[in-house]
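Residue numbers (our numbering): 7 to 366.
In this text, a Cβ means the ideal position worked out from N, Cα and C, and glycines have one as well.
This structure is a prediction, so every number in the text was calculated from the model and none was measured.
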Ligand SMILES: *Cc1c(COP(=O)(O)O)cnc(C)c1O
Ligand code: SF4
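Okay, here's the thing in structure tokens:
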């Protein structure tokens, strides 16, 4: 599938979901209630009305009605700082295309289903997916700062369950019992939609488990809302015994502005290794020039390209699909034009496979 900060939350609604959606005080019972951080305020101010987005960008008002109709199924959500990186007046802007609901989402297309990955069997405990050897993935929350139109979770916008009183206990118990687990991936939704206090409440007990070596965050927040990279988050990553890996999700070089570059630097200063995953998207990044620029821009920001995912064939996202043959040709072009360390692996997620399928 697609970058796993969105991984499967829809099939395995997180027991921890429904919290920390930028409504402010993000404390769990028993911890102190603090004033909303700046990022939480910015998150609460994210644009959710298609009319506002279209007016802000000086686009044709005829786009409003279809966008509103589609947004009833899967709402529009985009932080203002991300909108500021879009080109006003350009309905084909590659950032806009990722977030603007289009009538095409309503089409039923053969081969595009509601469950393209179908890995229910990987759920081993509430909020825990154990699919690959040595790694587990925790779906920590259902919340995201941005709603990407190609996302898998689009069919289950209300999948959030009430948070359970015992929080992470079942997940931690599962990881504690399996000494083959070397790496714990925090995913979602987006794990950085959780407050720093909630994250610490997960990372700290994981670090107590002697067999766990690494914590990995799959997140889009440092890109769409760079103020999320707080001092407290950096301190958490710097202070933990675990090696930390942050896999961000950038699809187009225009997503990287100076605030994002600063956020990446703070994460690196905290000792995190930074990687990127993208989804190959028609009209966004299905172009060798764009993909080369993406790799170079990421590297300039201290981030290495990791994966380019072929789209999951999810109903409503068919207009983003890039054929495998085209993807392979693009990849060959990257291979000719970039140093090897800037060429991401081209992958697809196959149901039941013991690892991501590497096409290249
Ligand atoms: C993608 C994924 C991982 C991570 O795979 P890597 O190849 O290590 O990046 C782990 N668990 C699940 C369930 C996944 O979907
Ligand atoms: S950030 Fe976008 S792609 Fe990732 S889980 Fe959220 S909606 Fe899906």
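Residue interval of the beta strand (DSSP E) (run including residue i)
i, result
"residue 329", "First-last for residue 329: undefined, no H or E at that position."
"residue 313", "310 to 315"
"residue 320", "Unbroken run through residue 320: none, as it is neither H nor E."
"residue 353", "351 to 354"
"residue 254", "249 to 255"
"residue 367", "The structure shown does not extend to residue 367, since the chain is modelled only from 7 through 366, so no value can be given for it."
"residue 178", "Residue 178 -> not in any beta strand (DSSP E); alpha helix (DSSP H) instead, spanning 175 to 183."
"residue 222", "220 to 224"
"residue 129", "129 to 131"
Contact under 9 Å by Cβ, residue i with residue j
i, j, result
"residue 314", "residue 333", "yes"
"residue 327", "residue 158", "no"
"residue 106", "residue 62", "no"
"residue 224", "residue 191", "yes"
"residue 256", "residue 296", "no"
"residue 177", "residue 134", "yes"
"residue 150", "residue 83", "yes"
"residue 227", "residue 198", "yes"
"residue 249", "residue 220", "yes"
"residue 267", "residue 306", "yes"
"residue 287", "residue 330", "no"
"residue 252", "residue 213", "no"
"residue 208", "residue 144", "yes"
"residue 52", "residue 202", "no"
"residue 265", "residue 211", "no"
"residue 304", "residue 357", "no"
"residue 179", "residue 110", "no"
"residue 263", "residue 91", "yes"
"residue 70", "residue 57", "yes"
DSSP three-state assignment for residue i, whether helix, strand or coil
i, result
"residue 233", "helix"
"residue 193", "strand"
"residue 53", "strand"
"residue 282", "strand"
"residue 87", "helix"
"residue 3", "Only positions 7 to 366 of the chain appear in the structure, and residue 3 is not among them; the question remains open."
"residue 238", "helix"
"residue 116", "coil"
"residue 344", "coil"
"residue 134", "strand"
Through-space distance from residue j to residue i, alpha-carbon basis
i, j, result
"residue 346", "residue 308", "16 Å"
"residue 283", "residue 318", "14 Å"
"residue 173", "residue 204", "10 Å"
"residue 196", "residue 237", "19 Å"
"residue 187", "residue 269", "29 Å"
"residue 137", "residue 95", "44 Å"
"residue 200", "residue 147", "7 Å"
"residue 55", "residue 311", "33 Å"
"residue 79", "residue 73", "10 Å"
"residue 362", "residue 98", "31 Å"
"residue 35", "residue 324", "Because residue 35 carries a pLDDT of 47, less than 50, the predicted location of this residue cannot be relied on, and no value is offered for it."
"residue 274", "residue 112", "41 Å"
"residue 353", "residue 285", "10 Å"
"residue 291", "residue 65", "22 Å"
"residue 276", "residue 67", "45 Å"
"residue 128", "residue 316", "21 Å"
"residue 19", "residue 108", "The predicted position of residue 19 is uncertain, since its pLDDT is 40 and thus under 50; a value taken from the coordinates is nonetheless stated next. One C-alpha to the other measures close to 26 Å."
"residue 155", "residue 246", "35 Å"
"residue 239", "residue 215", "21 Å"
"residue 141", "residue 254", "18 Å"
"residue 166", "residue 281", "Only weak support exists for where residue 166 lies, its pLDDT of 44 falling under 50; the value from the coordinates is given anyway. Taking the straight line from one Cα to the other gives about 28 Å."
"residue 193", "residue 343", "32 Å"
"residue 85", "residue 114", "29 Å"
Expected contact under 8 Å - CB spacing of residue i and residue j to nearest Å
i, j, result
"residue 339", "residue 294", "4 Å"
"residue 222", "residue 189", "6 Å"
"residue 152", "residue 88", "7 Å"
"residue 47", "residue 321", "Actually they are not in contact, since the Cβ atoms of residue 47 and residue 321 sit about 35 Å apart, beyond 8 Å."
"residue 101", "residue 261", "6 Å"
"residue 45", "residue 234", "4 Å"
Unbroken alpha helix (DSSP H) run spanning residue i, endpoints
i, result
"residue 264", "264 to 275"
"residue 303", "294 to 306"
"residue 60", "56 to 62"
"residue 203", "202 to 213"
"residue 69", "No alpha helix (DSSP H) contains residue 69, which DSSP labels as neither H nor E."
"residue 103", "102 to 105"
Proximity test, residue i beta-carbon vs ligand 4 heavy atom, cut-off 8 Å
i, result
"residue 88", "Within the structure as shown, ligand 4 is missing, the only ligands being ligand 1 and ligand 2."
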